[in-house]
Amino acid sequence: MATWSVLALLRENPEELKRHIAKRLMDPAIVDEVLAVDIEWRRLQTEINELRHRHNVITRSIARASSEEERARLREEARELLRKLEVLEARFNEVDSRRTQLLLSLPNLVDDDVPVGDESASVPIEFWGKPRVWVGYLDQFREQTERYGFKVEYELIDWKPVGHADMLEEILGLGDTRKAGEVAGSRFYYLFEDLVWLDFALLLYAIDKLTAKGYKLVLPPYMLRYNVMAGVIDLAAFKDAIYKIEGEDLYLIATAEHSLAALYYNEELYDDELPIKLVGVSPCFRKEAGAGSRDLKGIFRVHQFHKVEQFIFSKPEDSRRLHEEIINNAKEMFQELGLPYRVVKIASGDLGAPAVKKYDLEVWMPAQGKYREMVSASNCTDWQAYRLNIKMIRRKGMIREYVHTLNSTAIASTRTITAILENYQEPDGTVIIPKVLRKYLEPFERAPKDYIKPRRKGEEART
RNA sequence: GCCGGGGUGGCCGAGCGGCCUAAGGCGACGGGCUUGAGACCCGUUGUCCCCCCUGGGGACGCGCGGGUUCGAAUCCCGCCCCCGGCGCCA
Numbered sequence: 024m025a026t027w028s029v030l031a032l033l034r035e036n037p038e039e040l041k042r043h044i045a046k047r048l049m050d051p052a053i054v055d056e057v058l059a060v061d062i063e064w065r066r067l068q069t070e071i072n073e074l075r076h077r078h079n080v081i082t083r084s085i086a087r088a089s090s091e092e093e094r095a096r097l098r099e100e101a102r103e104l105l106r107k108l109e110v111l112e113a114r115f116n117e118v119d120s121r122r123t124q125l126l127l128s129l130p131n132l133v134d135d136d137v138p139v140g141d142e143s144a145s146v147p148i149e150f151w152g153k154p155r156v157w158v159g160y161l162d163q164f165r166e167q168t169e170r171y172g173f174k175v176e177y178e179l180i181d182w183k184p185v186g187h188a189d190m191l192e193e194i195l196g197l198g199d200t201r202k203a204g205e206v207a208g209s210r211f212y213y214l215f216e217d218l219v220w221l222d223f224a225l226l227l228y229a230i231d232k233l234t235a236k237g238y239k240l241v242l243p244p245y246m247l248r249y250n251v252m253a254g255v256i257d258l259a260a261f262k263d264a265i266y267k268i269e270g271e272d273l274y275l276i277a278t279a280e281h282s283l284a285a286l287y288y289n290e291e292l293y294d295d296e297l298p299i300k301l302v303g304v305s306p307c308f309r310k311e312a313g314a315g316s317r318d319l320k321g322i323f324r325v326h327q328f329h330k331v332e333q334f335i336f337s338k339p340e341d342s343r344r345l346h347e348e349i350i351n352n353a354k355e356m357f358q359e360l361g362l363p364y365r366v367v368k369i370a371s372g373d374l375g376a377p378a379v380k381k382y383d384l385e386v387w388m389p390a391q392g393k394y395r396e397m398v399s400a401s402n403c404t405d406w407q408a409y410r411l412n413i414k415m416i417r418r419k420g421m422i423r424e425y426v427h428t429l430n431s432t433a434i435a436s437t438r439t440i441t442a443i444l445e446n447y448q449e450p451d452g453t454v455i456i457p458k459v460l461r462k463y464l465e466p467f468e469r470a471p472k473d474y475i476k477p478r479r480k481g482e483e484a485r486t
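So the first sequence is residues 24 to 486, counted in this note's numbering.
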C-alpha cells in the first residue's frame, strides 16, 4: 500500500507533524483538526462496510429465494438496510470531502537541513563570480556577503550602471512597457529586435545544455484543468498566481513545472525507469496578485515570460541527490553566462507548500546593489505525486510508493535579460552579449552578434 | 461545432440486469523444478477499511459524476477523452 509521507506521519506521530508545520510559521492546530476528521472518516467507513456487507448477502439470496413471498420479505429487509445506509453515507460524504479538503491544505514536511525561521533566516551558502560593485553600493554589498562569513572578490566601479528598466526603454529603446500597460496592463511589455533575439538565444542555450545532459525535451500544454493544477500547487498559489480561462475548466500554467508534473497524472512508473529527467519550454503566466507595487518598473516581475524548466521524477531515495544535480545545472549555466551569483538555502517560513527544501540562485544586479532571484530549485518529495496520484512500483516485490518530484528553473528569459542588461553594461550604454549565447545568434542575419548598441528611444533600430 | 462508432484490470480482450463481484490470454512479481537460463507447474497481480496482523475478513472498483433497481460493467442523464465523416481554421 502506497502511503503519503504526510498522512503517515499524521497517523503515527501527529506531534511531530505539528513541529514541521510550526517550522513553516503556520498554525499547527490544523493537525488536530485533520486527525480527528481522519479518525471519524475511518470509523464511518468501517460501519458502512459492515452494513453494505449485510445488504450484499441479502441481495444475493433474492435470486435464489424459493418463493415469491420469501423474495418480497428479503426485498423489504434490503430496503430497510438501504435507509440506514443513506443516513450514514450522507454523513460519510460530508466527512470525506472535509477530510480531502484538509489533507490538501497540508503543506509538505520540512527537510532537517532547512534553516528555521522567516525569510531573514534564509542563508547564502555559496558565492560565485566577481561582481561589479558601484562605490555607492559598497556598504550594502558587504552587508550581503560578509555578514554571512563570505569574502567575495569584487570589481569596484566609479560609474553607476543604469537600471535594466531604463536600459531597455531609454538607452537601448528596445522595450515599451507604457504602451503594453495601455493595451494590456501593468507588468506587460513589448520587447523589440535585439532583446527578442536575446530571449530566444537564452532559451536555446538552456535547451541545448540540458538536452546534452540527457534531459528529454518537452513542449507541454500551456493550460491545465483545475484538478490537475490543484495537484501541483497549493490554494494560496492558485489565488495569487493563476489565470483562469473564462467559461472553461482551464487555467494558464505559471510554469512548465505544472504541466510536466502532470505528464504522468494517475499513472504508475516502474522503479527501473526512474529517474525521468525532463526539460520543458513554455511561456509562463502569473497574476502576481500578492506582489503589490514591487518591481513595477521594467521586466523583472511580469505577467508573462518564457522559461526553460528542469523537472525530475525520481525514486524516493534519490531525490536529495537529484536536488543537488538540478541546482548544479543552474549554477553551471549562470557561470557560463558569466553572471555573478549566490546560492541561498531558503528558510522554512519562506518555502512553498509543495517543497521540503528549496535553493534559490540570485544574481548580483549592479544597478540595484542587490542579489536578485533568477532560479528556484525545489524538492517536492511525494507532495505533488500524492495529489496527482503518480506512483512508483518497485520490481522487487511489486511494492507501490509515491514517486518524488523535483523542479528547477533553467533559464527564465526576461529575468535573465535584466541581469545581462545590468552586468554586461559598458559605461557608454553598450551591452556585451555573453559569449555562450553568440552561437545561437550566429545563423540569423538580423540578430545582434557581439554587442547591443545604445540607440535612444524612437531611433531606428540597427545601423 | 454537427453526425456516427467507441472507452473494461499494467496490456490485449470477453461479458451487455442477478448463475455469487470481470472469462481467457499476455506481461510483471513470488515460489517449485534446474548447475544456471529457458520451457513447464503453482500462486500473486487496483483502492480503501477492520482485526486476535509473517495472517485473516470486508467494502469499493469496468473513462468521470449522478440516477433507476433488493441487485448495474450491463438500463437512463450530464461531462471528458479516443476513432471515422462533414464543417471551420494557423
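Just so you know, even glycine gets a beta-carbon here, dropped at the ideal spot from N, CA and C.
Small disclaimer: the values here were computed from a predicted structure and weren't measured.
The alpha helix (DSSP H) enclosing residue i, as first and last residue numbers
i: Q167; result: L161 to T168
i: H78; result: A52 to R87
i: E290; result: Note, E290: premise wrong, no alpha helix (DSSP H); not H, not E.
i: R102; result: E91 to S128
i: Q327; result: No alpha helix (DSSP H) contains Q327, which is instead part of the beta strand (DSSP E) from Q327 to S337.
i: P37; result: P37 to K46
i: M252; result: Y249 to V255
i: R410; result: W406 to L411
i: D141; result: From DSSP, D141 is part of no alpha helix (DSSP H); its letter is neither H nor E.
i: I350; result: S342 to E359
Residue i, enclosing beta strand (DSSP E) - first and last residue
i: H427; result: H427 to A435
i: L150; result: Looking at the sequence itself, residue 150 is Phe, so the reference to Leu does not match. Start and end: V146 to W151.
i: D222; result: Per DSSP, D222 belongs to no beta strand (DSSP E); it is in the alpha helix (DSSP H), E216 to A235.
i: A400; result: K393 to N402
i: M415; result: K414 to R417
i: L240; result: K239 to V241
i: V302; result: I299 to F308
i: V366; result: Y364 to K368
i: E178; result: E178 to I180
i: E205; result: Element bounds for E205: not the beta strand (DSSP E) but the alpha helix (DSSP H), T200 to V206.
i: D383; result: K380 to M388
Straight-line gap, residue i to residue j (C-alpha atoms, nearest Å)
i: G208; j: I256; result: 26 Å
i: W387; j: S120; result: 47 Å
i: I299; j: Y266; result: 29 Å
i: D341; j: M415; result: 13 Å
i: K499; j: L301; result: No statement about residue 499 is possible, as the shown extent of the chain runs from 24 to 486 and does not include it.
i: T486; j: L345; result: Bear in mind that a pLDDT of 40 at T486, under 50, signals an unreliable position, so the number given afterwards is only what the model happens to contain. Approximately 47 Å between the Cα atoms of the pair.
i: G452; j: A470; result: 19 Å
i: L195; j: E465; result: 21 Å
i: L179; j: Q163; result: 13 Å
i: K462; j: N446; result: 20 Å
i: A31; j: R410; result: 15 Å
i: R165; j: R65; result: 57 Å
i: H329; j: Y364; result: 21 Å
i: P244; j: T432; result: 17 Å
i: H187; j: G321; result: 7 Å
i: Q167; j: A224; result: 31 Å
i: E355; j: R201; result: 35 Å
i: W27; j: E63; result: 19 Å
Inter-residue CB distance, residue i and residue j (contact presumed, cutoff 8 Å)
i: M397; j: T437; result: The pair is not a contact, with the Cβ atoms about 11 Å apart (cut-off 8 Å).
i: Y171; j: P147; result: 5 Å
i: A260; j: G375; result: 7 Å
i: A25; j: E424; result: 5 Å
i: D136; j: K380; result: 6 Å
i: V185; j: A442; result: About 14 Å separates the two Cβ atoms, so there is no contact after all.
i: V366; j: Y212; result: Between Y212 and V366 the Cβ distance is about 28 Å, and since that is not below 8 Å, they are no contact.
Proximity of residue i and residue j at Cβ, strictly below 9 Å
i: K338; j: H427; result: yes
i: R77; j: L48; result: no
i: G152; j: L362; result: yes
i: Y228; j: L360; result: yes
i: L226; j: V331; result: yes
i: R122; j: D61; result: yes
i: Y288; j: I413; result: yes
i: A353; j: G140; result: no
i: E269; j: G303; result: no
i: R210; j: L319; result: yes
i: L384; j: F336; result: no
i: K107; j: L74; result: yes
i: N131; j: A378; result: yes
i: D222; j: L233; result: no
Worksheet entry | Inter-stretch contact (C-beta, 8 Å, three-pair minimum) for the stretch 32–39 and the stretch 47–61 | yes
Discussion item. Can you confirm whether the stretch 262–282 touches the stretch 245–253 when touching is taken to mean that 3 or more C-beta pairs between the two stretches lie within less than 8 Å?
Written reply: yes
Worksheet item: Would the stretch 302–316 and the stretch 390–407 be scored as touching if the rule is three or more Cβ pairs under 8 Å?
Response: no
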